[in-house]
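Student: Here it is, the structure in full.
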Ligand code: B1M
């Protein structure tokens, strides 16, 4: 089994202590950080499928997520790149009712590397909290809202509409597995991205 396959297999079964070392070994073997990250993203798809089919339950899903987060920590310095430019501050969070943060953290890392200062509000963020954070922080140019559940898509809509109703001059980007470009447009977001890499590109375009 290649090191990348080992990383994938160990993330799937939530081997939190083993994953960082395996990720490092995969890097030492010359594998690209993006390739290792993709293997871990693929693991989470497998975990999701196993959860859907009743083969595993929430605790197993949770430890797999923790294992992936530990692996991402090893890759972070290699993926984050140059953070010297300043495109202003980006407030980021996962919307109310939603506790998923792996995708949001990847998006945060990539947007930071595009040249934004990040203020991460975490998960389960009420709509009004985004507005407070825009007011509390200097030079906020962008708000990034993540949502992973079909049941929290209305919370995404509420977040965007509350930010827009505040009259504050910021752009709003949304994304997450159930979000489509059509839904993003329908709820009044200024931008949408399907993944972390394109979120960084889009974020830059939006504030240019
Ligand atoms: Co949850 N969960 N989960 N879960 N979970 C999903 C999302 C699910 C698809 C699994 C399944 O059934 N197959 C399903 C949702 C179904 C649906 O809504 N239709 C689901 C469910 C049902 C639930 C619970 C309701 C289960 C329960 O309690 N019965 C519960 C809800 C809790 C809550 O939030 N209130 C729940 C709980 C959890 C855990 C806490 C155990 C854990 C999360 C831990 C954590 O995040 N710290 C968890 C996990 C791990 C998953 C899966 C397996 C993996 C998610 C993940 O991290 N993927 C997931 C199945 C799956 O995704 N296939 C599942 C990897 C990550 C890199 O991808 O987050 O999609 P993703 O992010 C991508 C893009 O979406 C995009 O870029 C990212 C990187 O490229 N993106 C953006 C994300 N945000 C963006 C923002 C942007 C732009 C792009 O701009 C701002």
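Numbering (my numbering), first residue to last: 176 to 383.
Virtual Cβ for every residue (Gly too), placed ideally from N, Cα, C.
Taking DSSP as the reference, what is the three-state secondary structure of residue 346?
Tutor: On the chain shown, position 171 is the one that residue 346 refers to. If DSSP states are grouped into helix, strand and coil, residue 346 belongs with the strands.
Student: Does the stretch 299 to 311 touch the stretch 236 to 255, meaning 3 or more C-beta pairs lie closer than 8 Å?
Tutor: No, the stretch 236 to 255 is not in contact with the stretch 299 to 311.
Student: Would you call the CB atoms of residue 321 and residue 382 closer than 9 Å?
Tutor: Residue numbering aside, residue 321 sits at position 146 when the chain shown is read from its first letter. Residue numbering aside, residue 382 sits at position 207 when the chain shown is read from its first letter. Pairing residue 321 with residue 382 gives a Cβ-Cβ distance that is not under 9 Å.
Student: Pop quiz: residue 353 and residue 324 are said to be a contact at Cβ under 8 Å. What is the actual Cβ separation, rounded to whole angstroms?
Tutor: Counted from its first residue, the chain shown places residue 353 at position 178. Counted from its first residue, the chain shown places residue 324 at position 149. Indeed, because the Cβ distance is near 7 Å, the residues count as touching under 8 Å.
Student: Quick check: the Cα distance between residue 385 and residue 333, rounded to an integer number of angstroms?
Tutor: Coverage of the chain is limited to positions 176 through 383, which leaves residue 385 absent and any answer about it impossible.
Student: Report the CB separation of residue 238 from residue 189 in whole angstroms; it is logged as a contact under 8 Å.
Tutor: One-based indexing of the chain shown puts residue 238 at position 63. One-based indexing of the chain shown puts residue 189 at position 14. Indeed they touch by this definition, with Cβ atoms about 3 Å apart.
Student: Quick one: grab the DSSP three-state call for residue 274.
Tutor: Position 99 of the chain shown holds residue 274. In the structure shown, residue 274 sits in coil (DSSP, three-state: anything other than H, G, I, E or B).
Student: State yes or no: is the C-beta of residue 242 within less than 9 Å of the C-beta of residue 185?
Tutor: Position 67 of the chain shown, counting from 1, holds the residue named residue 242. Position 10 of the chain shown, counting from 1, holds the residue named residue 185. A contact, by the Cβ cut-off of 9 Å.
Student: Taking residue 347 and residue 365 to be in contact with their CB atoms under 8 Å, please state how far apart those CB atoms are, rounded to whole angstroms.
Tutor: Residue 347 sits at position 172 when you count from the first residue of the chain shown. Residue 365 sits at position 190 when you count from the first residue of the chain shown. Taking a contact as a CB-CB distance under 8 Å, the pair residue 347 and residue 365 counts as one, their CB atoms being some 5 Å apart.
Student: Answer yes or no: the CB of residue 369 versus the heavy atoms of the ligand B1M, is any distance below 8 Å?
Tutor: The residue you call residue 369 lines up with position 194 of the chain shown. Answer for residue 369: yes, Cβ within range of the ligand B1M.
Student: Exposed or buried, which one is residue 232 when buried takes at least 16 other CB atoms within 10 Å?
Tutor: If you number the chain shown from 1, residue 232 lands on position 57. Answer is exposed; the Cβ neighbour count stays below 16.
Student: Excluding the 5 residues preceding and the 5 following residue 330 in the sequence, name in chain order all residues of the same chain whose CB lies nearer than 6 Å to its CB.
Tutor: Counting from 1 along the chain shown, the entry for residue 330 is found at position 155. Counting only Cβ-Cβ distances below 6 Å, and skipping sequence neighbours, we find 270, 271, 272.
Student: By how many angstroms is the C-alpha of residue 312 removed from the C-alpha of residue 361?
Tutor: The sequence position of residue 361 within the chain shown is 186, counting from 1. The sequence position of residue 312 within the chain shown is 137, counting from 1. Distance between the alpha carbons of residue 361 and residue 312: 28 Å.
Student: Can you tell me which residues form a DSSP beta bridge with residue 209?
Tutor: Stepping through the chain shown from its first residue, residue 209 is reached at position 34. Answer is none; residue 209 lacks a bridge partner.
Student: Given 8 Å as the limit, tell me if residue 348 has its C-beta closer than that to any heavy atom belonging to the ligand B1M.
Tutor: Here the question's residue 348 lines up with position 173 in the chain shown. Relative to the ligand B1M, the nearest heavy atom lies less than 8 Å away from the CB of residue 348.
Student: If you reduce the DSSP assignment to three classes, tell me which class residue 366 lands in.
Tutor: Taking the first residue of the chain shown as position 1, residue 366 is located at position 191. Strand at residue 366.
Student: Taking 8 Å as the cut-off, is the C-beta of residue 309 nearer than that to any heavy atom in the ligand B1M?
Tutor: Looking up residue 309 in the chain shown gives position 134. Checking the Cβ of residue 309 against the ligand B1M gives no.
Student: Going by DSSP, which residues form a beta bridge with residue 292?
Tutor: Along the chain shown, one-based indexing puts residue 292 at 117. In DSSP, residue 292 forms a bridge with 264.
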